[in-house]
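Engineer: Chains as they are written, first to last, in this note's numbering: chain A, 1 to 609; chain B, 1 to 77. Where is the CB? At the ideal position from N, CA and C, for every residue including glycine. On a predicted model such as this, the values are computed, not experimentally measured, just so you know. Dumping the structure here so I can ask a few things about it.
Laid out in structure tokens, this is it:
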């Protein structure tokens with residue numbers, strides 16, 4: 001096989017046995033790889049009703065056929081499992097250098113089942129594989145663990161691991177790779193911790209074979225040329241500022257989540273803006289494998305109180321640990337970000353959970369004696385301290401580690417957790433970005449802005465602006481983008497490049513580029529229609545898992561605040577999310593019944609019945 | 001009439017005195033296109049236009065005290 005390695009590795013952590021298995025070419029073709037391959041195995045081999053921390057939960061790391069082929073931004077992988085935070089499936093995505101190395105090591109997927117009696121790590125080196133003891137560094141941070149493992153294997157190996165947070169089953173613990181990149185959402189790190197799996201280390205040599213070398217090279221050169229052309233007058237804004245540009249974009253249209261989504265604008269927004277970050281903390285841009293953009297932020301904080309260095313913050317981190325908590329201290333915010341990276345914690349859920357605690361405290365529902373100290377809005381030192389305490393489940397950190405929903409429920413006010421399916425919303429208030437509201441509510445993994453990043457056309461004007469305040473017309477666009485994102489997450493390339501160069505840059509995002517690159521890499525001979533259908537298949541296969549796990553329309557929700565309380569101020573004043581209207585239209589377009597369940601006809605059409 | 005303008009990212013180079021946000025005097029009844037011409041932003045430069053926080057086109061007529069924001073096309077994750 002080309003593009004694909006044609007092999008998956010099965011790791012039974014209970015028995016300690018490893019077995020490699022051929023990847024069925026028909027499965028590869030029908031599900032592409034990455035996210036698609038993950039849901040294929042999850043649906044086929046696990047019971048969606050199992051406890052996420054039980055040995056019966058499967059965890060799959062999967063790369064795509066374009067990962068590691070030198071396709072521009074072919075640097076991504078997915079982790080798929082049942083989430084302890086949401087109870088739904090999750091697909092958590094990360095970039096950096098690990099995914100390409102995993103592909104080079106010889107496999108399309110690692111499939112973990114069971115639970116190891118003692119801490120172990122998986123070492124895969126050029127097609128050879130073994131489980132090794134990890135007890136002697138269980139408890140170490142992500143940075144320490146990565147250095148130890150490079151010492152125990154080879155310096156060129158790439159490491160994905162959990163920190164203390166995953167070991168302690170923090171419900172939003174991340175799996176970190178290359179120290180600072182995160183498969184962050186939904187507690188995938190906690191699942192790894194529950195299996196006593198500390199790390200996965202990979203190393204490979206030689207290029208990933210592609211089917212049509214000349215054709216592939218031409219496509220690659222063409223895409224990179226288009227990118228250079230588009231940026232010939234000024235460097236890419238993403239390289240200059242990173243994603244933190246989102247602070248200004250949201251502030252100016254009144255959708256910047258502020259004070260646990262109580263407001264949509266903040267008069268102190270410039271204290272945590274992209275410009276402030278660049279002027280005071282940026283050292284250099286950082287690049288994933290084969291990426292020309294360089295959106296990563298290599299930063300450093302010199303202030304002795306919050307001293308540190310590493311990668312980040314991303315926009316989502318600035319919203320969650322900054323504007324959402326009324327924290328205007330960017331140095332402290334970046335320090336909290338470094339702590340989350342080193343302990344292995346999702347910054348979005350961390351910040352949103354602290355913001356929720358601040359509101360519970362503010363309203364007198366959460367007593368000070370439970371926290372051990374005051375927790376006022378904007379307390380920068382407390383944010384840094386509680387990020388650390390959450391990672392170690394110390395003191396009130398043990399409550400925060402349950403996530404915003406379970407904490408708010410414990411104190412009698414679950415409606416104050418800004419979540420969908422118990423996972424925290426991202427940095428766009430959907431009252432002013434209606435399409436994203438529908439995307440949050442219907443994302444298979446709980447609230448996520450990346451399972452259809454409609455902010456591209458609702459906020460950032462890519463390819464063109466569509467009025468974010470209007471809900472009409474959004475169900476159709478959300479469906480199209482969700483299906484496209486399912487393809488994207490299965491091929492192993494990055495959204496930031498794909499949205500302009502792997503799809504035709506129109507609102508209907510025709511997957512022309514995906515088709516061309518996939519065919520040159522694999523020889524599979526896809527048509528555009530087949531690729532589109534594959535995206536729809538993957539999304540519906542995920543919905544099948546969710547239905548078996550007990551999910552339906554009753555779970556496709558948004559917090560009451562966003563559906564019932566009109567935005568109180570700013571350019572989006574007076575708006576609520578028109579979720580019911582959008583859901584009705586969306587289910588029809590999807591071929592699902594009024595309860596959000598795929599019909600037999602739809603499943604048959606997609607080969608899923 | 002006086003309007004407030006905010007230029008982001010590399011559009012700052014079109015700011016009259018180099019400051020990214022500033023006030024400017026325009027003829028009454030001026031529209032966004034007139035402002036773009038006044039600042040010297042080339043028509044081909046891709047930009048997002050906000051008038052008082054709402055996405056607008058170049059034909060939008062401006063009023064006293066309006067806030068006009070020019071942003072580059074970007075993305076966020």
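If we define contact as Cβ-Cβ less than 8 Å, is residue 66(B) a contact residue for chain A?
Structural biologist: Residue numbering aside, residue 66(B) sits at position 66 when the second chain is read from its first letter. Closer than 8 Å: no.
Engineer: Please confirm if residue 50(B) has its CB atom under 8 Å from at least one CB of chain A.
Structural biologist: Against the second chain, residue 50(B) aligns to sequence position 50. Yes, residue 50(B) lies at the interface with chain A (some Cβ there is under 8 Å from its Cβ).
Engineer: Note down, in chain order, every chain B residue with its Cβ under 7 Å from the Cβ of residue 570(A).
Structural biologist: As a working mapping, residue 570(A) is identified with position 570 in the first chain. 53, listed in chain order.
Engineer: Per DSSP, which residues does residue 214(A) bridge with? Please list them.
Structural biologist: Reading the first chain from its first residue, position 214 is the one you call residue 214(A). Residue 214(A) is not bridged to any residue.
Engineer: Can you tell me the Cβ-Cβ gap for residue 192(A) and residue 166(A), rounded? I've got them flagged as a contact below 8 Å.
Structural biologist: Position 192 of the first chain, counted from the start, is the residue given in the question as residue 192(A). Position 166 of the first chain, counted from the start, is the residue given in the question as residue 166(A). 5 Å between Cβ atoms; contact.
Engineer: Distance, Cα to Cα, residue 63(B) vs residue 469(A)?
Structural biologist: Reading the second chain from its first residue, position 63 is the one you call residue 63(B). Reading the first chain from its first residue, position 469 is the one you call residue 469(A). So the two alpha carbons sit approximately 22 Å from each other.
Engineer: In whole angstroms, what is the alpha-carbon distance linking residue 422(A) and residue 88(A)?
Structural biologist: As a working mapping, residue 422(A) is identified with position 422 in the first chain. As a working mapping, residue 88(A) is identified with position 88 in the first chain. So the two alpha carbons sit approximately 10 Å from each other.
Engineer: DSSP three-state label for residue 99(A), please.
Structural biologist: The sequence position of residue 99(A) within the first chain is 99, counting from 1. Residue 99(A): helix per DSSP, three-state reduction.
Engineer: Can you grab the Cα-Cα spacing for the pair residue 68(B) / residue 189(A), in whole Å?
Structural biologist: Translated into positions along the second chain, residue 68(B) becomes position 68. Translated into positions along the first chain, residue 189(A) becomes position 189. Roughly 44 Å separates the two Cα atoms.
Engineer: Give, in chain order, every unbroken run of the beta strand (DSSP E) that is at least 3 residues long and sits entirely within the stretch 454–522 of chain A.
Structural biologist: Counting only runs of 3 or more, we get nothing.
Engineer: For the 8 Å Cβ check, are there 3 or more pairs between the stretch 441–448 of chain A and the stretch 537–553 of chain A?
Structural biologist: Touching, per the Cβ criterion.
Engineer: Please work out which residues of its chain come closer than 6 Å, Cβ to Cβ, to residue 515(A), disregarding the five sequence neighbours upstream and downstream, and give them in chain order.
Structural biologist: Translated into positions along the first chain, residue 515(A) becomes position 515. Correct list, in chain order: 526, 528 and 531.
Engineer: Mapping the DSSP letters down to three states, classify residue 156(A) as helix, strand or coil.
Structural biologist: For the purposes of this step, residue 156(A) is identified with residue 156 of the first chain, where counting begins at 1. Here residue 156(A) sits in coil by DSSP.
Engineer: Whose C-beta lies closer than 7 Å to the C-beta of residue 171(A) among residues of the same chain, with five residues either side of it excluded?
Structural biologist: In the first chain, the residue the question calls residue 171(A) occupies position 171. Only 84, 85, 187, 190, 401, 402 and 403 meet the Cβ criterion.
Engineer: Please go through the same chain and pick out, in chain order, the residues whose beta-carbon is closer than 7 Å to the beta-carbon of residue 32(A), but skip the five residues on each side of it.
Structural biologist: The residue given as residue 32(A) occupies position 32 in the first chain. 64, 65, 487, 490, 491 and 534.
Engineer: Is residue 251(A) helix, strand or coil by DSSP?
Structural biologist: Residue mapping note: residue 251(A) aligns to position 251 of the first chain, counting from 1. Looking at residue 251(A) - three-state DSSP - the assignment turns out to be helix.
Engineer: To be precise: take each residue of the stretch 452–472 of chain A, compare its Cβ to all Cβ atoms of chain B, and keep it if any distance is under 8 Å. Which residues remain?
Structural biologist: Within the stretch 452–472 of chain A, the qualifying residues are 453, 455, 456, 459, 460, 461, 462, 465, 467, 468 and 469.
Engineer: Please identify, using Cβ separations under 8 Å, the residues of the stretch 251–262 of chain A that lie next to chain B, in order along the chain.
Structural biologist: The residues in question are 252, 253 and 254.
Engineer: Across which residues does DSSP place residue 125(A) in a beta bridge pair?
Structural biologist: Position 125 of the first chain, counted from the start, is the residue given in the question as residue 125(A). 128(A) and 203(A).
Engineer: Answer yes or no: does any C-beta atom of chain A fall closer than 8 Å to that of residue 1(B)?
Structural biologist: Mapped onto the second chain, residue 1(B) falls at position 1. No - not a single Cβ of chain A is within 8 Å of the one on residue 1(B).
Engineer: Could you tell me which residues DSSP pairs with residue 298(A) in its beta bridges?
Structural biologist: Along the first chain, one-based indexing puts residue 298(A) at 298. The partner list for residue 298(A) (beta bridge, DSSP) reads 284(A) and 311(A).
Engineer: Please tell me whether residue 238(A) has its Cβ less than 8 Å away from any Cβ of chain B.
Structural biologist: Along the first chain, one-based indexing puts residue 238(A) at 238. Yes, contact with chain B.
Engineer: Can you name, in chain order, every residue of its own chain whose Cβ lies under 6 Å from the Cβ of residue 177(A), other than the five neighbours on each side?
Structural biologist: Along the first chain, one-based indexing puts residue 177(A) at 177. Same-chain partners within the cutoff: 94, 96, 98 and 160.
Engineer: Would you grab the beta carbon distance between residue 434(A) and residue 577(A) for me? Rounded to a whole angstrom, and I think it's under 8 Å.
Structural biologist: Translated into the one-based positions of the first chain, residue 434(A) becomes position 434. Translated into the one-based positions of the first chain, residue 577(A) becomes position 577. Their Cβ separation, rounded to whole angstroms, is 6 Å, which keeps residue 434(A) and residue 577(A) in contact under 8 Å.
Engineer: Which chain A residues sit within Cβ distance under 7 Å of residue 8(B)?
Structural biologist: On the second chain, residue 8(B) is found 8 positions in, with the first residue counted as 1. Within 7 Å Cβ-Cβ: 248.
Engineer: In terms of residue numbering, what span does the alpha helix (DSSP H) encompassing residue 32(A) cover?
Structural biologist: For this step, residue 32(A) is matched to residue 32 along the first chain. Taken as a continuous stretch (DSSP letters only), residue 32(A) belongs to no alpha helix (DSSP H), as it is neither H nor E.
Engineer: Measuring CB atoms only, is the stretch 244–263 of chain A touching the stretch 340–360 of chain A, in the sense that at least three cross pairs come out at less than 8 Å?
Structural biologist: Short answer: they touch.
Engineer: Taking the alpha-carbon positions, what's the residue 438(A) to residue 432(A) distance?
Structural biologist: On the first chain, residue 438(A) is found 438 positions in, with the first residue counted as 1. On the first chain, residue 432(A) is found 432 positions in, with the first residue counted as 1. Approximately 12 Å between the Cα atoms of the pair.
Engineer: What in chain A is Cβ-close to residue 69(B), meaning under 7 Å?
Structural biologist: Start at 1 with the first residue of the second chain, and residue 69(B) comes out as number 69. Near residue 69(B) (Cβ distances below 7 Å), the residues of chain A are 252.
Engineer: Could you pull the start and end residues of the beta strand (DSSP E) that residue 61(A) belongs to?
Structural biologist: Taking the first residue of the first chain as 1, we reach residue 61(A) at position 61. Note, residue 61(A): beta strand (DSSP E), 59–63.
Engineer: Could you work out which residues of chain B lie near residue 241(A), taking near to mean beta carbons separated by less than 9 Å?
Structural biologist: Within the first chain, numbered from 1, the residue matching residue 241(A) stands at position 241. Ordered by position in chain B, the residues that pass the 9 Å Cβ test against residue 241(A) are 9 and 74.
Engineer: Under the DSSP definition of a beta bridge, which residues are partnered with residue 92(A)?
Structural biologist: Residue 92(A) sits at position 92 when you count from the first residue of the first chain. Residue 92(A) pairs with 79(A).
Engineer: Looking at C-alpha atoms only, which residue of 246(A), 182(A) and 517(A) is the closest neighbour of residue 91(A)?
Structural biologist: As a working note, residue 91(A) is residue 91 in the first chain. Measuring from the Cα of residue 91(A), the nearest candidate turns out to be 182(A).
Engineer: Taking C-alpha atoms, which residue in 602(A), 131(A), 559(A) and 123(A) lies nearest to residue 158(A)?
Structural biologist: Against the first chain, residue 158(A) aligns to sequence position 158. Measuring from the Cα of residue 158(A), the nearest candidate turns out to be 123(A).
Engineer: With a threshold of 16 other CB atoms inside 10 Å of the CB of residue 44(B), please say whether the residue is buried or exposed.
Structural biologist: Taking the first residue of the second chain as 1, we reach residue 44(B) at position 44. Flag for residue 44(B) reads exposed.
Engineer: To the nearest whole angstrom, what separates the beta carbons of residue 82(A) and residue 57(A), a pair I think is in contact under 8 Å?
Structural biologist: On the first chain, residue 82(A) is found 82 positions in, with the first residue counted as 1. On the first chain, residue 57(A) is found 57 positions in, with the first residue counted as 1. That belief holds up - the Cβ atoms of residue 82(A) and residue 57(A) are roughly 5 Å apart, short of 8 Å.
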